[in-house]
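Quick notes on the structure that follows.
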């Protein structure tokens, strides 16, 4: 790496918020780079390396100049008619404008004339000196600090280097104590947050070999911090080292053990340590009697530990700690962590034991005391609505057994909300309900449904594993959507506190991926009927507006998967009776759109639609005796052959074949519009031709509204 033109900037601060560190580091470095490039001080191809550790934000950038190149500047002054008098001499207005730019009358002969709109104008051409690195970096650093994505800033007093030590204050995410700015091996004289730039930084709080670390040059930053400061400055390098050590430690435990995979936890731990040291710890095996989800959650969320799973993905009594120190004897560190985690696990065991003393069914009554929404009542009332919706869906889809199991699962699905375990760990709702249902001796499909009714929880999440779970999950999401839309509690902009967009996508995925024989309109109407006793409930919003909302989400999802807006509109405009048919319909439309005949037929379809809108008296009746022109006879004959075949394919679910069969009508349709006057003066001829077009329009739009494909 060329040492002569690299730049290093570091802010040394108190411990930064760990969950935000990665984003802070990337934003700080990115804005610095963009600002320097914009000022001509860095090349567009300059290599940026961001650094972020618990106590520092830094950026290294290659190919940075000491001064930006001079730039030719052309400034419009005023119209020629205003700047020069009749004899071509400068007017006082022009002289005043030149003076403001540091020029005088001697610059007038060199002014450039050029058209500016309809009038000729005068332009002053000069050369602007390029910014020095000190000037440009000062501006770039101020911008980088101002644009940091900080939800909350701290105000703190400066103790020195300010007008009123102890009184003057600045604001930043955490108090800053050092600023480094090195261009190659030279300090760039800039200031920020009451600090003057230098070449000194600090390493690890306890294990640095040297303090302060005096940086030789910009390129030695990472190596010196690692060797002298015991700090891995790069977030990504530190993260990779932690992952390596976790895997290696798991191997030493044996038995096919692997650390639990959790990217968010790995990011957070990376933001908590400067030089990681992974250690193996353990806890008593008796705690493994508690559901592993509880133990894993308490170790991850409260202690930032990495639980170890065996080859069968079962929790072991070993866990990994990422320490920030590396003592010769680590027993004190491992012992301390084992002592800390023990009460946490004991609490989980106590909650689990206590909860199992009462059945889920006995807890349902308590849901009547838990407020769900001030307009929609309690969780108990909500459970009753979900039960009725689930029973209705199950009766449409299956037999009495499915309906009975779905009703029971819906009744018990929220009961774990009033358990001690879920009260302590809300993330376990549903999961604990399944364990308690199995303990109560309930059918496995009911227990699984209690856990699965929250699925899909996020994009890409799996769907419920069985039909009972599918029914209850669908009912639960429909109840939420219909209820919130009915009281006007709609998502706006980025605000969606009840996750209605996610619920809508969940409904879409279940209906489509499981190809359920359920109509969207009927589902919404049945669900809305459960809210009839709610004051101010608007059924129109809960059905019509909600249907449009769901279809908008579906349209967006289909476009993200590669379909064009026209193809999506063509499929969704007629509102398929079953959303499960949408993928097949869309595939058929996309295949049709690729045919040579598609554009002409789509345009003809649009033309037919416009004609029929203006002819309310038309019906689909066609009399062969009234067919006079060869082109209309040819179209009628072609339809007699093509349409029945296309309809048969449609009825068999072969939508692609149906549209491709209809493509054979292109030539007779084109000839019809070329040779036949639809709106003939003779009424019976006109109505017969309109009837022919109506029959054609109906046949062509069974799969989708093809006119939507017309450009």
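Numbering (the working numbering), first residue to last: 695 to 1405.
Glycine included, each C-beta is placed from N, C-alpha and C at the ideal position.
query: Minimum C-alpha distance to residue 1072 - residue among 1109, 1063, 1080; result: 1063
query: At least 3 beta-carbon pairs within less than 8 Å: the segment 1356-1367 vs the segment 1268-1283; result: no
query: Residue span of the beta strand (DSSP E) that contains residue 972, given as start and end; result: 971-976
query: Status (buried if at least 16 other CB within 10 Å, exposed otherwise) for residue 735; result: buried
query: Cutoff 7 Å; reference residue 1146; Cβ partners in own chain excluding five residues on either side; result: 1158, 1159, 1163, 1167
query: Proximal residues to residue 764 (C-beta, below 7 Å), its chain only, five neighbours per side dropped; result: 821, 822, 823, 824
query: Own chain partners of residue 773 with C-beta closer than 8 Å, once the 5 adjacent residues on each side are dropped; result: 810, 813, 814, 815, 816
query: Spatial neighbours of residue 1105 in its chain, beta-carbon cut-off 7 Å, leaving aside the 5 residues before and after; result: 1058, 1077, 1081
query: For residue 1400, the three-state DSSP class (helix, strand or coil); result: helix
query: Burial state of residue 1187, where buried means 16 or more other Cβ atoms lie within 10 Å; result: exposed
query: Residue 768, DSSP secondary structure in three states; result: strand
query: Beta-carbon proximity of residue 1387 to residue 1397, cut-off 8 Å; result: no
query: Residues sharing a beta bridge with residue 810, DSSP; result: 813
query: Helix, strand or coil at residue 1017 according to DSSP, with G and I counted as helix; result: strand
query: Residue 940, DSSP secondary structure in three states; result: helix
query: Spatial distance of residue 771 from residue 779 (CA atoms); result: 15 Å
query: Contact check, residue 1114 vs residue 1048, beta carbons under 8 Å; result: yes
query: Residue 829 - DSSP class collapsed to helix/strand/coil; result: helix
query: Between the CA atoms of residue 908 and residue 1120 - distance to the nearest angstrom; result: 49 Å
query: Cβ neighbour criterion (16 or more within 10 Å) applied to residue 1151; result: exposed
query: Continuous alpha helix (DSSP H) stretch holding residue 1148: start and end; result: Per DSSP, residue 1148 belongs to no alpha helix (DSSP H) and is neither H nor E.
query: Cβ-Cβ distance between residue 1228 and residue 1069 below 8 Å; result: yes
query: Residues that DSSP places opposite residue 880 in a beta bridge; result: 877
query: DSSP three-state assignment for residue 1391, whether helix, strand or coil; result: helix
query: Reference residue 1320, options 1288, 1353, 1376, closest by Cα; result: 1376
query: Cut-off 7 Å between Cβ atoms - residues of its own chain near residue 1300, not counting five sequence neighbours on either side; result: 1401, 1404
query: For residue 1028 and residue 975, believed in contact at Cβ under 8 Å, the rounded distance; result: 5 Å
query: Spatial distance of residue 926 from residue 969 (CA atoms); result: 6 Å
query: Inter-stretch contact at 8 Å, needing at least 3 Cβ pairs: the segment 1242-1256 / the segment 1307-1325; result: no
query: Contact check, residue 1039 vs residue 1000, beta carbons under 8 Å; result: no
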